[in-house]
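Notes to accompany the following structure.
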Amino acid sequence: MATSRPLLIPWLVEQIDSGRYPGLRWVNHEKTEFSVPWKHALRQDSSGDDVMIFKAWAEITDVEGQRLHDPSVWKRNFRSALRAKGFQMIMDNKNDEVNPHKVFRFPEGQREASAGRVGKRVRRETKRDAESRAAGNAGTVYSGPFHSAVLFPCPDAGHRGPPLEPGLGVGLDGERLVARPKPMGPGRAQPEQGTWVPPPMGSPPIGGAIGVRCVVNWAVAKGGDLGTYFNVFVYYRGVKVLEKLVENNAGFRVVFSPEQMHCDQQLETVILPSPDQIPIRDQMQAQLTRRILEKLGAGLEVITQGAAVYALRRGDSHVYWSLCKHDRSGVPQEVSKQGNQLHTLKEFITGLLEFMKSKGPSPSCSLFFCLGEKWPDPSQRPWEKKLITVEVSLTSLELLKTIAVDGGASSLQSADLQLSGSLNLMSSLEEMMDLF
Numbered sequence: 060m061a062t063s064r065p066l067l068i069p070w071l072v073e074q075i076d077s078g079r080y081p082g083l084r085w086v087n088h089e090k091t092e093f094s095v096p097w098k099h100a101l102r103q104d105s106s107g108d109d110v111m112i113f114k115a116w117a118e119i120t121d122v123e124g125q126r127l128h129d130p131s132v133w134k135r136n137f138r139s140a141l142r143a144k145g146f147q148m149i150m151d152n153k154n155d156e157v158n159p160h161k162v163f164r165f166p167e168g169q170r171e172a173s174a175g176r177v178g179k180r181v182r183r184e185t186k187r188d189a190e191s192r193a194a195g196n197a198g199t200v201y202s203g204p205f206h207s208a209v210l211f212p213c214p215d216a217g218h219r220g221p222p223l224e225p226g227l228g229v230g231l232d233g234e235r236l237v238a239r240p241k242p243m244g245p246g247r248a249q250p251e252q253g254t255w256v257p258p259p260m261g262s263p264p265i266g267g268a269i270g271v272r273c274v275v276n277w278a279v280a281k282g283g284d285l286g287t288y289f290n291v292f293v294y295y296r297g298v299k300v301l302e303k304l305v306e307n308n309a310g311f312r313v314v315f316s317p318e319q320m321h322c323d324q325q326l327e328t329v330i331l332p333s334p335d336q337i338p339i340r341d342q343m344q345a346q347l348t349r350r351i352l353e354k355l356g357a358g359l360e361v362i363t364q365g366a367a368v369y370a371l372r373r374g375d376s377h378v379y380w381s382l383c384k385h386d387r388s389g390v391p392q393e394v395s396k397q398g399n400q401l402h403t404l405k406e407f408i409t410g411l412l413e414f415m416k417s418k419g420p421s422p423s424c425s426l427f428f429c430l431g432e433k434w435p436d437p438s439q440r441p442w443e444k445k446l447i448t449v450e451v452s453l454t455s456l457e458l459l460k461t462i463a464v465d466g467g468a469s470s471l472q473s474a475d476l477q478l479s480g481s482l483n484l485m486s487s488l489e490e491m492m493d494l495f
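Note that the working numbering has the sequence shown beginning at 60, numbered continuously upward.
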């Protein structure tokens with residue numbers, strides 16, 4: 060027999076009034092607004108006190124004793140519960156160096172609860188739930204809006220769930236898949252058994268809001284790091300001469316002569332074709348293209364580091380970049396030998412949220428490089444007219460953008476996996492912003 064779940068509002072009022080949680084307090088006399096500590100887990104001064112209220116809610120809503128020992132999951136579920144009940148965040152000071160916190164306002168019509176009128180029935184039910192869990196009551200199941208999210212956390216770097224059977228992986232829809240290890244190649248690490256491999260672009264649509272959460276958890280790995288593959292397209296004066304999917308989150312290197320590259324096996328290699336292999340009729344174009352390629356040396360490196368994408372020039376041929384193929388700024392951006400930060404996960408998510416709210420254009424999920432010629436061009440010469448160009452699509456960001464353009468998580472929900480609206484793409488992305 061299932062036991063009842065404690066009501067969030069009276070439970071939360073009781074916790075604030077108790078004074079047991081450091082930093083959890085009322086901020087106005089009417090007791091309609093309260094402050095919650097919101098410290099990033101990676102801060103050096105973080106401690107268990109910072110997540111006490113999140114842990115308490117996780118324990119009180121525990122499903123069949125399946126506690127998730129991950130403070131980031133506790134915080135995410137707590138925030139989702141607030142949003143589902145209509146709480147409004149009125150102040151976001153999570154980046155404050157001294158006192159990182161957020162201030163929330165109780166939903167309208169609930170002021171009598173926020174004034175501290177907690178019924179005895181709620182206390183009895185809360186106590187009964189705790190006793191039931193202590194006795195090992197495995198028949199208690201909460202079937203509310205966050206049920207699936209708790210029972211089936213997406214496989215990511217920081218939350219792998221139960222051990223998998225040897226040779227099996229987990230797909231986006233929760234099915235167990237037979238692992239198919241690929242041959243070792245330059246810069247490719249052998250996938251370890253039991254890890255989740257993201258689907259290739261063009262795979263069948265992801266089912267359910269759980270699928271949306273998995274995509275988000277792929278792009279935003281534990282700690283806020285960027286997770287992605289790279290679709291690389293190479294063009295010689297607008298004609299595609301090479302296409303390659305780089306399945307290496309660390310990044311890749313673009314070279315012409317493999318013998319000149321550094322022996323960094325963490326990066327995969329993309330080898331540019333010789334003009335002799337391409338039917339280039341214009342001999343001047345072929346000659347200039349070869350000149351740029353021969354000076355490319357150890358090449359162009361595109362790498363991920365933390366939550367950002369960087370580029371580094373290793374050879375003598377100058378390399379320029381932009382986030383837009385049709386950039387008309389006329390201001391060239393050169394990739395230096397010291398390295399440049401090109402794009403960040405925070406910038407992309409911020410732009411995608413603005414786009415979904417119809418407050419801005421869709422953010423770029425691609426990088427556009429021009430080898431040997433200035434770009435963006437001061438004379439407004441189009442990207443397609445350049446001798447050698449490389450387009451790099453960040454596949455995880457492209458997938459998020461595709462979901463957003465197609466209508467967000469609502470277009471992916473199925474009857475079996477439909478979750479609360481708080482688990483759609485926009486809410487998931489807003490939660491991920493807490494990592495930055």
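Every residue gets a Cβ at the ideal spot worked out from N, C-alpha and C, and that includes glycine.
DSSP places residue 413 in the uninterrupted alpha helix (DSSP H) bounded by 404–415. Looking at the DSSP output, residue 294 shares a beta bridge with 299 and 448. A direct Cα-Cα distance of roughly 19 Å separates residue 302 from residue 382.
For residue 442, there is no enclosing alpha helix (DSSP H), as DSSP gives it neither H nor E. Annotated as proximal: residue 402 and residue 368, with beta-carbon spacing under 7 Å. When DSSP assignments are scanned along the stretch 314–374, the uninterrupted stretches of alpha helix (DSSP H) that are 4 or more residues long and fall wholly within it turn out to be 342–353. Bounds of the alpha helix (DSSP H) holding residue 74 are 67–77. Contact between the stretch 434–442 and the stretch 409–419 is not established, with fewer than three Cβ pairs separated by less than 8 Å. Taking a contact as a CB-CB distance under 8 Å, the pair residue 371 and residue 396 counts as one, their CB atoms being some 7 Å apart. In terms of Cβ geometry, residue 398 and residue 284 do not form a close pair [threshold 7 Å].
Under the DSSP assignment, residue 139 falls in the alpha helix (DSSP H) whose first and last residues are 130–143.
Counting along the chain, no alpha helix (DSSP H) covers residue 432, and no H or E run does either. For residue 381, no alpha helix (DSSP H) segment is defined; the enclosing uninterrupted segment is the beta strand (DSSP E) at 378–381. Spatial neighbours of residue 433 in its own chain (CB-CB distance under 6 Å, excluding positions within 5 residues in sequence) are listed in chain order as 379 and 391. Excluding its 5 nearest sequence neighbours in each direction, residue 81 has C-beta neighbours in its own chain below 6 Å: 108, listed in chain order. Counting along the chain, residue 93 sits inside no alpha helix (DSSP H); it lies in the beta strand (DSSP E) bounded by residues 92–96.
In the three-state reduction of the DSSP assignment, residue 399 falls in the strand class. The distance from the Cβ of residue 291 to that of residue 451 is about 6 Å, consistent with a contact at the 8 Å cut-off.
Residue state for residue 274 is assigned as helix, using DSSP reduced to three classes. Apart from the 5 residues on each side of it in sequence, residue 92 sits with its Cβ closer than 8 Å to the Cβ of 85, 86, 149, 162, 163, 164 and 165 in its chain, given in chain order. Counted as a single uninterrupted DSSP element, the alpha helix (DSSP H) harbouring residue 464 occupies residues 454–464.
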